[in-house]
Each structure stands twice: as C-alpha cells, then as structure tokens.
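These notes concern the structure reproduced below.
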Amino acid sequence: MLKKLVFAIAVVLLAGVVLALIGWPLNAAAQNPDPNAPTYSTSAAAYYPLERGFMFWLEEADQIYVLVNQTNELGGYVLQYADTWQEGMPETDPSLVPPPGLQQPDRGFGLVWRSNPNVRNAVGWGIGGTHGYTALVVRHGNRTLISAPDNRVYDITGGTWQAVDYYYRAQ
Numbered sequence: 061m062l063k064k065l066v067f068a069i070a071v072v073l074l075a076g077v078v079l080a081l082i083g084w085p086l087n088a089a090a091q092n093p094d095p096n097a098p099t100y101s102t103s104a105a106a107y108y109p110l111e112r113g114f115m116f117w118l119e120e121a122d123q124i125y126v127l128v129n130q131t132n133e134l135g136g137y138v139l140q141y142a143d144t145w146q147e148g149m150p151e152t153d154p155s156l157v158p159p160p161g162l163q164q165p166d167r168g169f170g171l172v173w174r175s176n177p178n179v180r181n182a183v184g185w186g187i188g189g190t191h192g193y194t195a196l197v198v199r200h201g202n203r204t205l206i207s208a209p210d211n212r213v214y215d216i217t218g219g220t221w222q223a224v225d226y227y228y229r230a231q
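Here my numbering is used: position 18 in the sequence shown is 78, and no number is missing along the way.
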C-alpha cells in the first residue's frame, strides 16, 4: 500500500514539474475550457534503448515511436507506427544475429524493427532490454511530451524530438 502511495505521489510531482517546464499550469483545463487545450494522461508504456536511438510504446495510443538520434543523444527525428504485434506472433527472427553485446529488439519493437529496413539502419541493434513503466503523457496540437524511465521528458513535435532533462530545468 505504501509503495503504491509513494508511486502515486511521484507521478503527481512529475506531472507538476513537466507542466511547469512547458508553461502549462496544473489547472489549465479549468482556466481554459477550450477543447484544444492540452490533455494529460498516464499510460502503460515501454522503453527500449538502441545503438542510435530508442523506441517507446504507449498503450493508450497503441503506437510505437522510434526516436532516431541525429547528431547527439538529445534530439533527432521521429517515426511512428501502429503496434500490430499480437501474442502468438514470432518475437524475434532467428536469422538476424546481433553482434556480440547487442540484441535484436523483440515483440512489438522487434516487428517494427524487422519490418522496416530504414528503421533498422537508422537505430541499429538493441543495447538493453525493454523497460516497462507508467508514462505521463501530455498532448497539445502536434506536440506530445512523454516521461521516460531515464529521468527525462521527450518532447515530440511534428516529426522531431528533443530530450528535456526535467531535473536540471526545474531548478
């Protein structure tokens, strides 16, 4: 019970920091009854790090976001795919053998990675396993902010992304 309470408080605090960072007050919906106002939600999520980027899966949207690093690890471009993987489908392809120390993405991440050579070439092999967590998601127009287990918020606007280190910015 205490663990759930601490988690709930952490999510609320994270929401406040993210919203303050992007300039939206916590009571934005009450202040602005505009139907185009930002929406805030939490979602079951997964994060998968790769050599040159990473992937997110959000249950609420049933989408996989591929964030490709361009010149550094703090920004790049985004590719978005519907999550079409289902239980019973192959989790990996045994004919694709990763170099030592790396791994083939599996399940939904793997299906996107295997089915799209451009994705595979852009992000490379997996460098860690899938991290399941609960994400805070803020949407406003073509902008989506997603909290991640690496203590960052990823700001996806149109076809680009930028990492925001909310602990640093919140000071």
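Heads up, the beta-carbon is just placed ideally off N, CA and C, and yes, glycines get one too.
Just so we're clear, the structure is a prediction, and the values are computed from it rather than from any experiment.
Coil, strand or helix - residue i by DSSP
| i | result |
| --- | --- |
| G168 | helix |
| G219 | coil |
| A182 | helix |
| R212 | coil |
| A89 | Note that A89 has pLDDT 49, beneath the 50 cutoff, so the model's placement of it is unreliable and the number below is only indicative. If DSSP states are grouped into helix, strand and coil, A89 belongs with the helices. |
Beta-carbon proximity of residue i to residue j, cut-off 9 Å
| i | j | result |
| --- | --- | --- |
| T99 | H200 | yes |
| M115 | P165 | yes |
| Y193 | V172 | no |
| L127 | I216 | yes |
| W117 | G168 | yes |
| T102 | V224 | no |
| L139 | A182 | yes |
| Y55 | H191 | Because the chain here runs from 61 to 231, residue 55 falls outside it and cannot be looked at. |
| R234 | G219 | With the chain covering 61 to 231 only, the question about residue 234 has no answer from this structure. |
Where residue i falls, given that 16 or more other Cβ within 10 Å makes a residue buried
| i | result |
| --- | --- |
| T144 | exposed |
| V213 | buried |
| D195 | Before going further, note that residue 195 is Ala rather than Asp in the sequence given. Under this definition A195 is a buried residue. |
| R203 | exposed |
| N129 | buried |
| A104 | exposed |
| G170 | buried |
| P177 | exposed |
| L110 | buried |
Contact with chain B by residue i, beta-carbon distance below 9 Å
| i | result |
| --- | --- |
| Y137 | Reference to chain B is not applicable here, since this structure consists of a single protein chain. |
Jot down the residue ranges of each uninterrupted alpha helix (DSSP H) in the stretch 108–154, minimum 4 residues, whole runs only, in chain order. none
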